[in-house]
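Here the protein sequences line up with chains U and E, keeping their order.
Heads up: the first sequence at position 82 corresponds to 82 in the UniProt record's numbering, and the numbers run straight through without jumps.
Heads up: the second sequence at position 279 corresponds to 279 in the UniProt record's numbering, and the numbers run straight through without jumps.
C-beta: ideal position from N, C-alpha, C; glycine also.
Have a look at the structure below, then the notes.
2 protein chains.
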Amino acid sequence: MFNPKMETLPREEIEKIQLGRLRKTIAFLKNSKSMLKEKIKDIHPEDIKSLDDLKYLPFTTKDDLRDGYPFGHIAVDPSDCVRMHMSSGTTGIPVLNLMTKNDVAQWGEIMARCLACAGLTSKDRLQIMPSFGLFNGGFGFHYGAETLGCFIVPAGAGRTLMQLKLIKDLGVTAIGAIASYPARLIEVAQENGFDFRKTNLRVAILGAETWSDEYRKRIEEMMGVKTFDIIGMTETGGVGLGIDCEARKGIHVWEDHYIIEIVHPETGEVLPLGEEGEIVVTTLTREGLPLIRYRTRDISKIISYEPCECGRTHVRIDRIKGRTDDMLKVKGVNFYPSQIEAILLKYKGLAPYYQLVIENVKGKDEMTIIVEKTDGGLTDQEMERLNLELYDFLGFRSKIQIVPEGTIQRVPGKAVRVIDKRKK
Amino acid sequence: MFNPKMETLPREEIEKIQLGRLRKTIAFLKNSKSMLKEKIKDIHPEDIKSLDDLKYLPFTTKDDLRDGYPFGHIAVDPSDCVRMHMSSGTTGIPVLNLMTKNDVAQWGEIMARCLACAGLTSKDRLQIMPSFGLFNGGFGFHYGAETLGCFIVPAGAGRTLMQLKLIKDLGVTAIGAIASYPARLIEVAQENGFDFRKTNLRVAILGAETWSDEYRKRIEEMMGVKTFDIIGMTETGGVGLGIDCEARKGIHVWEDHYIIEIVHPETGEVLPLGEEGEIVVTTLTREGLPLIRYRTRDISKIISYEPCECGRTHVRIDRIKGRTDDMLKVKGVNFYPSQIEAILLKYKGLAPYYQLVIENVKGKDEMTIIVEKTDGGLTDQEMERLNLELYDFLGFRSKIQIVPEGTIQRVPGKAVRVIDKRKK
Ligand SMILES: [Zn+2]
Ligand SMILES: [Zn+2]
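This is how it looks when you write it as structure tokens:
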């Protein structure tokens, strides 16, 4: 562990810290330059008697942060900030997160905990594959590795063959990447006779996208690595909010820095342990962009507040199933692309390259699943079984098109899984 | 100044520090893991009685560093290193520079001095436009800004319209970029009615390419900024080896960290002050890749060892004219692309987008200068004058093709100035 004392605090101490820091965050925000303080103008830190009172505070949404563009939602003067990141935002106005020196140190701390949770020490060599820049991924790994003291290979995005060459030549032991990228690494490795087992690579820390357990199993087998699922976003201060551990019994969220709630995506009602809903994040130590009850739109559930086999005591949540924005509604059925992925990748003959094409044909929804084959594709019997499994899950018939390897365009950054032609 | 004490040391103290650190570097290298120690196996630190004895030490070449790939030329164990950068190397094996914690701190220090020399303080907002990653440019500015404490907008390369938007929206006061990139910024600004004078931008720190005084004047006028010429390369520890100051009387090289010599590119003989030749760099404080007399292939001359108007006492060298690798030999005449640029950009009707196409036609060299026009191009009279000026400089007739704006492909990263079809 990077910070054994904090990572193994007894529950009551975690909650004591959380309560104190929540009150401080409220006081800090109320005295700040942020326009978000309007939302809590009638709330006073001493109103919060227990963590249970959190639920009476108003939510903060992505639109609230967009409305602040560029700096209206930032709590400190920009000239007191040293760094910034920006959420790409497929549409419209981006969200900025400005960071003070303390924020950068906080980010380094939580990312160092994540790296250590994935088994890294200062002796590891970490190749960073998310892009560096406005996107928070590259720099998140950078600050974590800097804090942990390990050797950084700052590869950034793309140039897959070069990435493989560096892994081998430099004795790289761990990679950080966008979750879909290992599929590309494996593909280029196969094309070039590159054998991951002849390298020192043993860990892949993946995030920024929803990825299924089946995809996980697939890349662990093919790359001979152990994968770790890391979460976090620009708004909360970047990647590093939490990560799963070797026990693989949920994603630990660093509770001395964040409070996690799960709420009903429509009613906003707080849901009990084990029930699936939207993750809501309250920051406890951020200065540039302190957040009260931020609606992340990510869907998960709380697994346990009990100590984990790994020794860490911080809450565990389920791997993220999808974002409310990514949820598809086809013929009245709601589902996430990652759920389709999980079904497809049970078949060895299918590759982790797929697209869901949704159209409106004569007033009716139609979905075509385009998926690349690998190793000869499916037998007739498998094809039949796949059709049945999809029907069981979706409750409607979808068309399956199995296409040759390399058909679906490889893109830098996040994979394009859905082409919804219904939207104009 | 970032470090007034060191930046204004009297000459004799600079030289005292240099002599001591040179001996230490030799001792360090001799006791290191680097295969480069072979070169100095018969030399002992105490053999160096004065800085004048430097000339008896052997040179280090880029090929020496390539031969070490990946780690043979590195003086410390890779597991004692925390960072690395890599020279792209248009052909063949790349050169790695591995950095210890002290090296990263040294880089931060020299880059902070450079930023301060360009007039920046902790209150500035610096948009970093070179790419982050294996190339050293982005991270060099990052560490410098981190050390100086200014606000970093980590834009990275490309997305020019977004770059302009951020400059305006975020109140950016300074940019760091590859020298040819402002031409693209100006072009996209004009296409989009963007007015640099309605922004807070006042400084552009440019490097990584050779750029003429005429280009400099052009972008200063069009962007309303003051430009600063920054030098440095992966091998020496990255961008930040030196920068010119407001006095604009040469590029200061940080002499407590580096010794500069100018040598004859062919004979290797050390040249006296004022004579043009190849820059040779000896590092005095680097640990991962200490260099004795590294042949940079960059052409410059020493301007003065006297204190500068700005108060700094560190040596001043001329702006880099070109790299020996970039030197063209056409019809027996040697010249640099930047010298052609300087002639073209005297004409307001020509844009800073040009290419020199060199072919062998029936056994004879032919050069065509393709250059984009702007604001209506050249009058017949100007065209005649340009032809004459080029002939005066080159001593042979070249063909000039003036093409519409946007004809020459815009590339991310360094501009492609020469297409030499003679080489197979
Ligand atoms: Zn655990
Ligand atoms: Zn000066």
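The alpha-carbon separation between E:THR147 and E:LYS198 amounts to approximately 29 Å. Residues of the stretch 74 to 100 of chain U whose Cβ lies closer than 7 Å to any Cβ of chain E, in chain order: PRO78, SER79, CYS81, VAL82, ARG83, MET84. Proximity of the beta carbon of U:CYS308 to ligand 2 is not indicated: no heavy atom of the ligand is located closer than 7 Å.
For E:ILE175, the enclosing beta strand (DSSP E) stretches over residues 174 to 178. U:ARG417 and U:LEU344 do not touch by the CB rule: their CB atoms are close to 11 Å apart, not below 8 Å. At a cut-off of 8 Å between beta-carbon atoms, E:GLY363 makes no contact with chain U. Chain U places no beta carbon closer than 8 Å to that of E:ASP67, leaving this residue out of the contacts. For the pair of segments examined, the stretch 249 to 256 of chain U was found to touch the stretch 301 to 308 of chain U: the number of CB pairs separated by less than 8 Å reaches three.
Under the three-state reduction of DSSP output, E:ASN31 falls in the coil class, being neither helix nor strand. The three-state secondary structure of E:MET129, taken from DSSP, is coil.
A distance of 8 Å or more separates the beta carbons of U:GLY144 and U:MET99.
At the C-beta level, U:SER122 and U:CYS150 come within 8 Å of one another. For U:VAL82, there is no enclosing beta strand (DSSP E), since its DSSP letter is neither H nor E. U:ASP169 reaches chain E at TYR69, PRO70, counting residues in chain order whose Cβ is nearer than 8 Å. From the beta-carbon of U:LYS123, the residues of chain E found nearer than 7 Å are SER79. Using a 10 angstroms sphere on the CB of U:SER398, the tally of other CB atoms reaches 16 or more, which defines it as buried. Contact annotation: in the stretch 129 to 141 of chain E, residues whose CB is within less than 8 Å of a CB in chain U are SER131, PHE132, GLY133, LEU134, GLY138, PHE139. When distances are taken from the beta-carbon of E:HIS85 to the heavy atoms of ligand 1, even the shortest one reaches 7 Å or more. Residues of chain E with a Cβ closer than 8 Å to the Cβ of U:PRO154 are, in chain order, ARG83, MET84, HIS85, PHE132, GLY133, LEU134, PHE139. Short of 6 Å from the beta carbon of U:PHE141, and not among the five residues preceding or following it, lie these beta carbons of its own chain, in chain order: ILE128, GLY176. With fewer than 16 neighbouring CB atoms inside 10 Å of its own CB, E:PRO404 falls in the exposed class. Identification of residues in the UniProt domain "AMP-dependent ligase C-terminal" (332 to 422) of chain U having a C-beta nearer than 9 Å to some C-beta of chain E yields an empty set.
Approximately 6 Å separates the beta-carbon atoms of E:ASP229 and E:LEU206; this is inside 8 Å, confirming the contact. In this structure, U:PRO45 is the residue among U:ILE17, U:ARG21, U:PRO45 with its C-alpha nearest to the C-alpha of U:LYS30. By the neighbour-count criterion, in which a residue is buried when 16 or more other Cβ atoms sit within 10 angstroms of its Cβ, E:TYR391 is exposed. For the set E:ILE402, E:VAL315, E:ARG286, E:ARG410, the Cα lying nearest the Cα of E:ASP103 is the one of E:ARG286. Scanning U:LYS362, U:GLU221, U:GLY138 for the CA closest to the CA of U:VAL239 turns up U:GLY138. By the criterion of a C-beta distance shorter than 7 Å, E:ARG184 is surrounded in its chain by THR160, ARG410, once the five residues flanking it on both sides are discounted.
Residues ILE74, ALA75, VAL76, CYS81, ASN97, LEU98, MET99, THR100, ASP103 of the same chain have their beta carbon placed closer than 7 Å to that of E:GLY288, with the five preceding and five following residues left out of the count. For E:PRO10, no beta strand (DSSP E) segment is defined, and its DSSP state is neither H nor E. Using a Cβ-Cβ cut-off of 8 Å, U:GLY149 counts as an interface residue toward chain E, since at least one Cβ of chain E sits closer than that to its own. If you draw a straight line from the Cα of U:TYR336 to the Cα of U:ARG218, it comes to about 19 Å.
The three-state reading of DSSP puts E:PRO337 in helix, counting H, G and I together. Per DSSP, the continuous beta strand (DSSP E) segment holding U:LYS364 begins and ends at 364 to 373.
In this structure E:THR324 is not in contact with E:ILE14, their Cβ atoms being roughly 28 Å apart against a cut-off of 8 Å. Between U:THR227 and U:GLU220, the C-beta gap is smaller than 8 Å, which places the two residues in contact.
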